[in-house]
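In what follows, a structure is listed as structure tokens, so that the remarks can point back to it.
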Amino acid sequence: MKRLANWRLLSLFAVLALVLSGCRGENFVSALRPAGEVADMQFDLMKLSTYVMVGVILVVMIIFVIIFFRFRRKDDKDETIPKQVEGSHKLEILWTSIPILLLLILAVPTVSATFNLADVSPMDKKNSKALVINVRSHLYWWDFEYPGQKLVTSQELVVPTNERVYFNLKSLDVKHSFWIPAAGGKLDTNTDNINKFWLEFDDKRSNEAGNLFYGKCAELCGPSHALMDFKVKAISRDKFDAWVTAMQDIKEPQKAQSDLAVQGQDIFNKSCIGCHAVTPENKLPDTARQAPNLTNFGDRSRIAGILKHDKEKLKQWISNPEPYKPGNLMTGKYDEMSPQELDALAEYLMGLKVQE
0 MKRLANWRLL
10 SLFAVLALVL
20 SGCRGENFVS
30 ALRPAGEVAD
40 MQFDLMKLST
50 YVMVGVILVV
60 MIIFVIIFFR
70 FRRKDDKDET
80 IPKQVEGSHK
90 LEILWTSIPI
100 LLLLILAVPT
110 VSATFNLADV
120 SPMDKKNSKA
130 LVINVRSHLY
140 WWDFEYPGQK
150 LVTSQELVVP
160 TNERVYFNLK
170 SLDVKHSFWI
180 PAAGGKLDTN
190 TDNINKFWLE
200 FDDKRSNEAG
210 NLFYGKCAEL
220 CGPSHALMDF
230 KVKAISRDKF
240 DAWVTAMQDI
250 KEPQKAQSDL
260 AVQGQDIFNK
270 SCIGCHAVTP
280 ENKLPDTARQ
290 APNLTNFGDR
300 SRIAGILKHD
310 KEKLKQWISN
320 PEPYKPGNLM
330 TGKYDEMSPQ
340 ELDALAEYLM
350 GLKVQE
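Heads up: the sequence shown at position 71 corresponds to 70 in numbering that gives the first Met the number 0, and the numbers run straight through without jumps.
This is the structure we're talking about:
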């Protein structure tokens, strides 16, 4: 019975391994479905190291099986001592050379890729035409500044495809980590220095993913660390330029389009404007940005990075955000709003759009 139970357990693990081997995730959030140059390089390194490890395991297992059957004692009375190979120079050279060779196979492409990925010289050149984005991480949201375009957005990063996009990363409270799984590996955002790197989004694979990717915080930063998401819109250069132009045309807060939205705008100006900006050119210093920029809030695909983008979810978030993101800084500020005020404020915010 004990042996039967062990076989059942082994079968269960085998089935689970088979099922989990197919868990590659969605296109927009899976590191196993690369969508750009950086992700391709890192995925190739991952495959190379996997092939080397599997090869080593197979060779060791084959040697083990051969030795087990060939050199096992066939008779309990047989006390013959097999030929000893201790001190064999040939074997010493062999099992010293093989690890060195495997190390070189892994090290050479890894070092080459590391130096390639660390090359951010184009963004530091004078009068550079490279697209540079300053990423600022907060508890628990993201701020994206386009210094060349004089724009600031939050929670949704917009980038052109088929070209390198350069990032300056910094945190304004605690250590976070900027990670877009489908585009490339993560890099920390620190409070005392700026990290730099670049990513590139492939146009074809971006289209296959619906031009939308997920970004996440990859450094444990507090109770809502797992909910510190942002969205990435990867679009063609023409569409990106059109988006930039539409954002730059907003010189003052957008006007409400209905009577209910007018009431909401009045509530926003009295209760929310002290923390949230509704113009894309945010001239405030980094330390003065207390909450996400809402200029294009109506164009977003998620509320707070995690909730469905509709008025009902927005009202739930405004009235009581704590259940959705524990520890966020907005909790307790709007819990006394009446249902009519929430309706008006939601109507105004959902109308903040820069592109139809």
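Built from N, CA and C at the ideal position, the CB exists for glycine as well. Small disclaimer: the values here were computed from a predicted structure and weren't measured.
{"Item": "Under the DSSP definition of a beta bridge, which residues are partnered with residue 137?", "Value": "140"}
{"Item": "What residues in its chain sit with their C-beta under 6 Å from that of residue 202, if we drop five residues either side in the sequence?", "Value": "160, 161"}
{"Item": "Does the distance from the CB of residue 210 to the CB of residue 234 come in under 7 Å?", "Value": "yes"}
{"Item": "Tell me which residue opens and which closes the alpha helix (DSSP H) that residue 123 is part of.", "Value": "120 to 123"}
{"Item": "For residue 85, count neighbouring C-beta atoms within 10 Å of its own C-beta (all shown protein chains included) and say buried if the count is 16 or more, exposed if not.", "Value": "exposed"}
{"Item": "At what residue ranges does the segment 237 to 266 contain a whole run of the beta strand (DSSP E), taking only runs of 3 or more?", "Value": "none"}
{"Item": "If I'm right that residue 136 touches residue 177 with Cβ under 8 Å, what's the distance once you round it to whole angstroms?", "Value": "7 Å"}
{"Item": "Between the segment 119 to 132 and the segment 184 to 191, can you find at least three pairs of beta-carbon atoms closer than 8 Å?", "Value": "no"}
{"Item": "Secondary structure at residue 207, three-state DSSP: helix, strand or coil?", "Value": "helix"}
{"Item": "Counting only runs of 4+ residues fully inside the segment 264 to 316, write out the alpha helix (DSSP H) ranges in chain order.", "Value": "none"}
{"Item": "Considering only residues of the segment 169 to 194, which uninterrupted beta strand (DSSP E) runs meet the minimum length of 3 residues and lie entirely inside it, listed in chain order?", "Value": "175 to 179, 183 to 188"}
{"Item": "Name the DSSP bridge partner or partners of residue 229?", "Value": "214"}
{"Item": "Take residue 244 as the anchor and find which of 54, 353, 297, 83 has the nearest alpha-carbon.", "Value": "353"}
{"Item": "Going by Cα to Cα distance, which pick from 248, 288, 16 is closest to residue 172?", "Value": "288"}
{"Item": "Anyone know if the C-beta pair for residue 350 and residue 297 falls short of 7 Å?", "Value": "yes"}
{"Item": "Please work out which residues of its chain come closer than 8 Å, Cβ to Cβ, to residue 76, disregarding the five sequence neighbours upstream and downstream, and give them in chain order.", "Value": "none"}
{"Item": "State the beta-bridge partners of residue 197 as determined by DSSP.", "Value": "165"}
{"Item": "To the nearest angstrom, report how far apart residue 337 and residue 43 are at their CA atoms.", "Value": "55 Å"}
{"Item": "Go through its chain and collect everything with a Cβ distance to residue 112's Cβ below 7 Å, but skip five positions before and after it.", "Value": "40, 44"}
{"Item": "Tell me the DSSP secondary structure of residue 152 in three-state form.", "Value": "strand"}
{"Item": "Throw me the rounded Cβ distance for the residue 181 and residue 208 pair, which I believe falls under 8 Å.", "Value": "7 Å"}
{"Item": "Residues in its own chain within less than 8 Å of residue 281 by CB, not counting five upstream and five downstream?", "Value": "144, 151, 288, 292"}
{"Item": "Return the chain-ordered ranges of every alpha helix (DSSP H) run that is complete within the segment 43 to 81 and spans a minimum of 4 residues.", "Value": "none"}
{"Item": "Provide the residue(s) that pair with residue 347 in DSSP beta bridges, ordered along the chain.", "Value": "Answer is none; residue 347 lacks a bridge partner."}
{"Item": "Looking only at DSSP bridge pairs, what is residue 159 linked to?", "Value": "234"}
{"Item": "Exposed or buried, which one is residue 345 when buried takes at least 16 other CB atoms within 10 Å?", "Value": "buried"}
{"Item": "Could you check the C-alpha separation between residue 170 and residue 60 for me, to the nearest Å?", "Value": "48 Å"}
{"Item": "Going by alpha carbons, who is nearest to residue 49 out of 96, 69, 105?", "Value": "105"}
{"Item": "With DSSP as the reference, label residue 84 as helix, strand or coil.", "Value": "coil"}
{"Item": "Note down, in chain order, each residue of its chain lying with its Cβ closer than 7 Å to the Cβ of residue 229, except the 5 sequence neighbours on either side.", "Value": "141, 154, 155, 156, 214, 304"}
{"Item": "Once DSSP output is grouped into helix, strand and coil, what is the label at residue 110?", "Value": "helix"}
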